[in-house]
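Heads up: the structure comes next, in structure tokens.
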């Protein structure tokens, strides 16, 4: 996959608004997700410089990936190793990075990390008046559990003030990636709220969306979603919102 913008996009938007112009690097990373196991504890990642004129310095950082109150949380990791930790890509050049576990021990629950591949900004070119933006890519790294569970997410919802608060809990011992979701009015099967932003729910974690409703629901709600392990079509219990009983 090719990357030419700083992630997250919101950060870049703010910089562009403040500075008027920004300069971002460009490199290609493949694959964009890594799955390891005790029997396959290492994997290669290829990083390629898309520029034909400029070299780029790239730094690697491995972090533990947890979720707290539905938000991603990262801490430095000593269990995941990526080498070389820093390197220079010549114009059009590439580097194979080796990603692996320090200790390949089986676990009952999937272990989760991210590998951040970050551009180290060089000096700006003569005459450049804007703001340099360093590219920063976070690749998910999953370590397979002893036995992977396949369980559907558990859903609930609240409707108030023209919005639906949708809550999904992953009861399984491995992640679920929700690629998109649509909340339907069960009476006429019409989507009245949706999100196209992919999100991960790590093992036994819960995340929340607050989505605007196109109209008030006429009956029960259903959620229809595409995930990395299949499609979801489920009835969603609607709870009374606080103060609305």
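In mature numbering (1 follows the signal peptide of the UniProt record, and there is no 0), the protein residues as written are -24 to -1, 1 to 221.
We put the beta carbon where it would ideally sit given N, CA and C, even for glycine.
Note that the structure is predicted; figures quoted are calculated from it, not measured.
Opening and closing residue of the beta strand (DSSP E) in which residue i lies
{"i": "residue 114", "result": "112 to 119"}
{"i": "residue 175", "result": "175 to 177"}
{"i": "residue 6", "result": "3 to 6"}
{"i": "residue 229", "result": "Residue 229 lies beyond the range of the chain shown here (-24 to 221); nothing can be said about it."}
{"i": "residue 186", "result": "182 to 188"}
{"i": "residue 18", "result": "18 to 25"}
{"i": "residue 164", "result": "Note, residue 164: premise wrong, no beta strand (DSSP E); not H, not E."}
{"i": "residue 192", "result": "Taken as a continuous stretch (DSSP letters only), residue 192 belongs to no beta strand (DSSP E), as it is neither H nor E."}
{"i": "residue 209", "result": "206 to 212"}
Cβ-based burial, residue i [other Cβ within 10 Å; buried from 16]
{"i": "residue 81", "result": "exposed"}
{"i": "residue -5", "result": "Here residue -5 scores only 34 on pLDDT, less than 50, and its place in the model is too uncertain to base an answer on."}
{"i": "residue 6", "result": "exposed"}
{"i": "residue 90", "result": "buried"}
{"i": "residue 15", "result": "exposed"}
{"i": "residue 45", "result": "exposed"}
{"i": "residue -17", "result": "The pLDDT assigned to residue -17 is 37, lower than 50, so where the model puts this residue is not dependable, and the model offers no usable value."}
{"i": "residue 193", "result": "buried"}
{"i": "residue 106", "result": "exposed"}
{"i": "residue 195", "result": "exposed"}
{"i": "residue 8", "result": "exposed"}
{"i": "residue 178", "result": "buried"}
heavy atom of the ligand ATP below 6 Å from residue i C-beta
{"i": "residue 164", "result": "This structure does not include the ligand ATP; it has no bound ligands of any sort."}
Rounded Cβ spacing between residue i and residue j (contact assumed at less than 8 Å)
{"i": "residue 197", "j": "residue 144", "result": "Their Cβ separation, rounded to whole angstroms, is 13 Å, which puts residue 197 and residue 144 out of contact at 8 Å."}
{"i": "residue 61", "j": "residue 35", "result": "7 Å"}
{"i": "residue 128", "j": "residue 208", "result": "6 Å"}
{"i": "residue 234", "j": "residue 151", "result": "Residue 234 falls outside the range modelled here, since the chain spans only -24 to 221, and no answer is possible."}
{"i": "residue 203", "j": "residue 153", "result": "6 Å"}
{"i": "residue 58", "j": "residue 39", "result": "No, residue 58 and residue 39 are not in contact; Cβ-Cβ is about 11 Å, not under 8 Å."}
{"i": "residue 149", "j": "residue 172", "result": "Not a contact, Cβ separation roughly 28 Å."}
So within the segment 71 to 153, which uninterrupted beta strand (DSSP E) runs reach at least 3 residues, ignoring any that extend past its ends? 87 to 96, 107 to 109, 112 to 119, 130 to 136 and 139 to 145
Pair every Cβ in the segment 46 to 55 with every Cβ in the segment 17 to 26, then say whether three or more of these pairs are closer than 8 Å. no
Those runs of the beta strand (DSSP E) which lie wholly inside the segment 37 to 74 and span at least 3 residues: 47 to 52, 56 to 59 and 62 to 65
Using 8 Å as the threshold, is the segment 174 to 191 in touch with the segment 91 to 102, meaning 3 or more CB pairs across them? no
Between the segment 25 to 33 and the segment 154 to 165, can you find at least three pairs of beta-carbon atoms closer than 8 Å? no
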